[in-house]
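Asks: Once you've had a glance at the structure underneath, I'll fire off some questions.
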Amino acid sequence: MAQHDFLPSAPGLGMIVTVKAPNKEILLSKLYGPDGKFTFTSHTPGEHSICMQSNSTNLIAFASNRLRIHLDIQVGEHPLDYSAVDPNNKVKEVSNILENLQGEMNHIMKEQEYQREREEYYRQKSEDMNSNVLWWAIVQTVILTSVGIWQIKRLKDFLIAKKVV
Numbered sequence: 001m002a003q004h005d006f007l008p009s010a011p012g013l014g015m016i017v018t019v020k021a022p023n024k025e026i027l028l029s030k031l032y033g034p035d036g037k038f039t040f041t042s043h044t045p046g047e048h049s050i051c052m053q054s055n056s057t058n059l060i061a062f063a064s065n066r067l068r069i070h071l072d073i074q075v076g077e078h079p080l081d082y083s084a085v086d087p088n089n090k091v092k093e094v095s096n097i098l099e100n101l102q103g104e105m106n107h108i109m110k111e112q113e114y115q116r117e118r119e120e121y122y123r124q125k126s127e128d129m130n131s132n133v134l135w136w137a138i139v140q141t142v143i144l145t146s147v148g149i150w151q152i153k154r155l156k157d158f159l160i161a162k163k164v165v
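Count the sequence shown with UniProt numbering and you get residues 1 to 165, in order.
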C-alpha cells in the first residue's frame, strides 16, 4: 500500500494521476481537483510508475500561477487510521477498501487459474511420459523374445550340424 499527498497551489488547476505496476497494469487513473490525496495497493513487486499531469493546457495559467506540488510518499503496509478519517469522506474510504478487496480477489483468482493451467500442463507431460515408458517396455520385451528365439534356433541348427543331437 502506498499513500501519496499532493497539493497544487494554483487555483483552478487539477492533476491527472496515473499509477502503473511493473507489468504495465494501470492501478489508478483519476482526475483530482486543486488538492488531493491518493492511495493505491499493489501486489506486484517492483518499480511502479506514477505520472502526474496538469489538466490545463493553458500556458498562461502556468505562467501566471506557480504550480507547486508537495509529494509525500509512504511505502509499505500502513493500516488506515480511522480516527483521522474525515466523517464526510468515510464512504470514499470504505469504497476504496472495497475496491482493494475486489482487486485482491481478482489477483487470487488469476493466481488460481495460473496454478490450474500449470497443473494441467504437468499432468499431460506425466501421462505422455508414462505412455512412452510403456511402449518402450513393450518394444524391449519383443526384441529380447525375438533374440532369444533366434539364438535357440541357431543353437539347435548348430548342434544338428555337428551331430551332437
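All residues carry an ideal CB built from backbone N, CA and C; glycine is no exception. Note that the structure is a prediction, hence the values are computed from the model and not measured.
In its own chain, which residues sit with a C-beta less than 7 Å from the C-beta of Trp150, not counting the 5 before and 5 after it?
Replies: For Trp150, where only same-chain residues beyond five positions count, there are no Cβ hits under 7 Å.
Asks: Using alpha carbons as the reference points, say which of Phe38, Tyr114, Thr44 and Glu25 lies closest to Ile16.
Replies: Closest by alpha carbon: Phe38.
Asks: Run through DSSP, which three-state label would Asp157 get?
Replies: Helix at Asp157.
Asks: With DSSP collapsed to three states, give me the class of Lys24.
Replies: Note: Lys24 maps to coil in three-state DSSP.
Asks: How should Phe40 be labelled, buried or exposed, when 16 other C-beta atoms within 10 angstroms of its C-beta is the threshold for buried?
Replies: So Phe40 ends up on the buried side.
Asks: Indicate whether Leu28 and Asn55 have their beta-carbon atoms separated by less than 8 Å.
Replies: No, Cβ-Cβ distance for Leu28 and Asn55 is not below 8 Å.
Asks: Just checking my contact of Pro22 with His48 at CB under 8 Å: how many whole Å lie between their CB atoms?
Replies: At roughly 7 Å, the Cβ-Cβ gap stays under 8 Å, so Pro22 and His48 are in contact.
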